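**Q**
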Amino acid sequence: MKQTRFIDLVPHIVLIVGVLIFAYPIYVTLIGSTWDSGTIGRGGLPLWPGGEGVANYAQAWVGEAGDRAMYTPVRTMMLNSLVMALSIALGKIAISILSAYAVAFFRFPLRMAFFWLIFITLMLPVEVRIIPTYKVVADLGLINTYAGLAIPLIASATATLLFRQFFLTIPDELLEAAKIDGAGPVRFFIDVVLPLSRTNIAALFVILFIYGWNQYLWPLLVTSSGDMETIVTGITKMIGTGESANDWHIIMATTVLAMLPPVAVVVFMQRWFVKGLVDSEK
Amino acid sequence: MQRRVTFDSRLLPYLLLAPQVAVTLVFFIWPAAQAVWQSVHLQDAFGIRSEFVWFENFTYVLSDPNYLDTLQTTVIFSVAVTVLAMGVALLLAVLADSKIKGASAYKTLLIWPYALAPAVAAVLWMFIFNPDIGSFGRALRAMGYDWDYRLNGGQALLMVILAASWKQVSYNFIFFLAGLQAIPRSVMEAASIDGAGPVRRFWTITFPLLSPTTFFLLVVDMVYAFFETFGTIHALTQGGPGKATETLIFRVYQDGVVNNDLGGSSAQSVILMVIVIALTAVQFRFVERKVHYS
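Sequence lines, in order, name chains A and B. Sequential numbering from 1 applies to the first sequence in the UniProt record's numbering. Sequential numbering from 1 applies to the second sequence in the UniProt record's numbering.
#1: Taking A/MET77 as the reference, which of A/GLY276, A/VAL266 and A/MET259 has the closest Cα?
#2: I think A/PHE167 touches A/PHE105, with their Cβ atoms under 8 Å apart; what is that distance to the nearest whole Å?
#3: Whole-angstrom Cβ separation of A/GLY43 and B/ILE128, contact assumed at under 8 Å?
#4: If contact means a Cβ-Cβ distance below 8 Å, which residues of the segment 84-109 of chain A contact chain B?
#5: According to a CB-to-CB cut-off of less than 9 Å, which residues of the segment 12-43 of chain A neighbour chain B?
#6: Go ahead and label A/LEU20 buried or exposed: buried means 16 or more other beta carbons lie within 10 angstroms of its beta carbon, across all protein chains shown.
#7: With a threshold of 8 Å between beta-carbons, can B/GLN181 be considered close to chain A, or not?
#8: Taking only beta-carbon positions, decide if A/GLY56 is within less than 8 Å of chain B.
#9: Along chain A, which residues have their Cβ under 8 Å away from the Cβ of B/ARG201?
#10: Could you spell out where the beta strand (DSSP E) holding residue 379 of chain B opens and where it closes?
#11: Who are the neighbours of A/LEU175 on chain B, taking C-beta pairs under 7 Å?
#12: Locate the alpha helix (DSSP H) running through A/LEU117, then write down its first and last residues.
#13: Report the rounded CA-to-CA distance for A/ILE154 versus A/ALA89, giving the unit in angstroms.
#14: In this structure, does DSSP put A/GLN215 in helix, strand or coil?
#15: Can you find the residues in the same chain that come closer than 6 Å, C-beta to C-beta, to B/THR229, ignoring five residues on each side of it along the sequence?
#16: Hey, would you say B/LEU217 sits closer than 8 Å to B/ALA96, going by beta carbons?
#17: Hey, out of A/ILE251, A/VAL267 and A/VAL263, whose CA is closest to A/GLY41's CA?
#18: Which whole-angstrom value is the C-beta distance of B/LEU140 and B/TRP147, which I expect to be below 8 Å?
#19: Classify A/ILE7 as buried or exposed, calling it buried when 16 or more other Cβ atoms lie within 10 Å of its own Cβ.
#20: According to DSSP, is A/PHE6 part of a helix, a strand, or is it coil?
#21: Using Cβ-Cβ distances below 9 Å, what residues of the segment 209-223 of chain A are close to chain B?
#22: Among A/LEU86, A/GLU52, A/TYR57 and A/ILE97, which residue has its Cα nearest to the Cα of A/VAL186?
#23: If we count the other Cβ atoms within 10 Å of its Cβ and call it buried at 16 or more, is B/GLN20 buried or exposed?
#24: Is any beta-carbon of chain A found at less than 8 Å from that of residue 306 of chain B?
#25: Between B/TYR106 and the rest of its own chain, which residues show a CB-CB distance below 7 Å, the 5 nearest in sequence each way excluded?
#26: Please work out which residues of its chain come closer than 6 Å, Cβ to Cβ, to residue 300 of chain B, disregarding the five sequence neighbours upstream and downstream, and give them in chain order.
#27: Could you please tell me which residues of the segment 110-128 of chain B, in chain order, have their CB closer than 9 Å to any CB of chain A?
#28: Is the Cβ-Cβ distance between A/ALA157 and A/LEU208 less than 8 Å?
#29: To which residues of the same chain is B/MET222 closer than 8 Å at the C-beta, ignoring the five residues directly before and after it?
#30: Under a three-way DSSP split, which group does A/LEU142 fall into?
#31: Assuming A/PHE163 and A/ALA100 form a contact by the criterion Cβ under 8 Å, report the distance between their Cβ atoms to the nearest whole angstrom.
#32: What residue range does the beta strand (DSSP E) around B/LEU42 cover?
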């Protein structure tokens, strides 16, 4: 029987400190969301939960006026974020799987030109073309619409590259057999390629859902009305300049609700999440 | 690269490509071209006429001492975030990869912060370090330290660096862990039999073999620090106090959206594009070389 030496405990101590550094801010926010704004505002937040939790979340959810201001209800902001995240994730997957299918399974003039056209979008993140993109969206009348929130973000070179990479591993024999059986390209896509791509689609969905949910600069620009507010930008508007006289209890409850969907996706779909992340960056 | 067997169809491939190409042209290529066009033109006050001015916008932007200050802040910020996020992640990944009890529980507990938006990470940090309501912020003041990141530029920069790195550690952790798991156990065991201690094994085997991952993360973290941290800074300090936490991307937003200076903001956008293209090119050159070696 080997005796446990202190040196063997060092990795555990370091890892536990690491875990605590990441968990502590969340814990404080969870606790804060169960107290009243006065307790938080005075800076005397205890380390145990208070009794206002249900009331705070209910108030944030329906958007009843706080002690000091009116806010967009969390249910509206959550719905907007959900629509935006789902549209971005599903839209990206749909248009990239189709274009990757075209590039991988067909031979046609200008194939490589199209491939490069898609490829260079890697070098144009939304942040660097922000003002002119905003102008295009405004000219199309898409300000304060779901289409305006989602469509400019759904072209993705990474998803296309990932699907193309995967399609190149589908054996030629499979394609030949399908051709002999008289299956055309559409049949083959629906009956063979889509079912084979299930894991890739799931993995990509997790990553893209989080990407969409966490968008910040773009929603900040294209939404100006409260009904179109997304939850991540909504929180910072609630905070304003960070004075002590904020409705902190509502802000903290809103923050918890804003973290819930993406964190749940990562925790419950961890296997796909790690696969999606590592694959899509290869 | 192309498959040997393909389908024959004249029209179908173009139809399949159409949605992505349409989105790319309308929302990527056209705006990027607009940014380039505007960066070499000057609009009059009413936005009716614009005049071709060669590189005047660029010389104006690049000779503006404020812009150079912002550039300096961005470099300090990005280097600090990259070094901090990678260093902490590497330490945690090496420990979580070793044969210790509960390794998978540690992994789960360290991975989830990836799900947080940069702006939400900033808000969480504010709850703790705000000098009025945050427990640490108040503790620092109680100890007689004059802590207020809303007034002190250095403290503000420190806050955004810590909040931005905090959020990025989990991403780096996932990749370092994947990299570590790809290192063959036999190599480590052989070194161990030869009498190399854990520290020596790390520097002579693990670290060199991790270099592709390290290099990849270096580029990703720089891009993250340059662009995605807009939310962190906007939520936490709004670029202030003064311009202490204003990075290049924050300034594009400030000049283009808030101050409505299209030419200047476009010239800055073009400078940013050049930076991204350079970073991407470096990354792809490297990836290509890695493929050759393996």
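All C-beta atoms, glycine included, are put in the ideal place defined by N, C-alpha and C. This structure is a prediction, so every number in the text was calculated from the model and none was measured.
**A** On the basis of the coordinates in this document:
#1: Shortest Cα-Cα distance from A/MET77 to any of A/GLY276, A/VAL266 and A/MET259 involves A/MET259.
#2: Confirmed, about 7 Å.
#3: The Cβ separation is near 11 Å, so there is no contact.
#4: Hits within the stretch, in order: ALA94, ILE95, SER96, LEU98, SER99, TYR101, ALA102, VAL103, ALA104, PHE105, PHE106, ARG107 and PHE108.
#5: Those would be HIS12, VAL14, LEU15, ILE16, GLY18, VAL19, ILE21, PHE22, ALA23, TYR24, PRO25, ILE26, VAL28, THR29, GLY32, ILE40, GLY41, ARG42 and GLY43, in chain order.
#6: In summary, A/LEU20 is exposed, with fewer than 16 beta-carbon neighbours lying within 10 Å of its beta-carbon over all protein chains present.
#7: With 8 Å as the cut-off, B/GLN181 does not count as an interface residue toward chain A.
#8: Correcting the residue type first, residue 56 of chain A is Asn in the shown sequence and not Gly. In terms of beta-carbon proximity, A/ASN56 stays away from the interface with chain B, with every pair separated by 8 Å or more.
#9: For a Cβ distance threshold of 8 Å, nothing in chain A lies close to B/ARG201: the least Cβ distance comes to about 15 Å.
#10: There is simply no residue 379 of chain B to check, as chain B begins at 1 and stops at 294 in what is shown.
#11: Result: VAL5.
#12: For A/LEU117, the enclosing alpha helix (DSSP H) has its first and last residue at 111-119.
#13: Computed Cα separation, rounded: 8 Å.
#14: Assigned with DSSP and collapsed to three states, A/GLN215 falls in coil, not helix or strand.
#15: If we look at B/THR229 and ignore the five residues flanking it on each side, its Cβ neighbours are PRO118 and ALA164.
#16: Not closer than 8 Å, so no.
#17: Minimum Cα-Cα distance from A/GLY41 among the listed residues A/ILE251, A/VAL267 and A/VAL263 corresponds to A/ILE251.
#18: Contact between B/LEU140 and B/TRP147 holds: CB atoms are separated by about 4 Å, below the 8 Å threshold.
#19: The residue is exposed, with fewer than 16 neighbouring Cβ atoms inside 10 Å.
#20: Correct three-state label for A/PHE6: helix.
#21: Shown in chain order are the members of the segment 209-223 of chain A whose Cβ falls below 9 Å from a Cβ of chain B: ILE210, TRP213, ASN214, GLN215, TYR216, LEU217, LEU220 and LEU221.
#22: Nearest option by C-alpha distance: A/ILE97.
#23: Of the residues assessed, B/GLN20 falls on the buried side of the cut-off, its CB having 16 or more other CB atoms within 10 angstroms.
#24: Not covered by the structure: residue 306 of chain B. The range shown for chain B is 1 to 294.
#25: For B/TYR106, the CB contacts under 7 Å within the same chain, skipping 5 residues up- and downstream, are ALA96 in chain order.
#26: Residue 300 of chain B cannot be examined here, being either before or after the span of chain B that is shown, 1 to 294.
#27: Those would be LEU110, ILE111, TRP112, PRO113, TYR114, ALA115, LEU116, ALA117, PRO118, ALA119, VAL120, ALA121, ALA122, VAL123, LEU124, TRP125, MET126, PHE127 and ILE128, in chain order.
#28: No, they are not a contact pair.
#29: Closer than 8 Å at the Cβ level, and outside the excluded window around B/MET222, lie SER78, THR82 and LEU279.
#30: Here A/LEU142 sits in coil by DSSP.
#31: With a Cβ gap of about 4 Å, A/PHE163 and A/ALA100 count as contacting.
#32: Element bounds for B/LEU42: 41-43.
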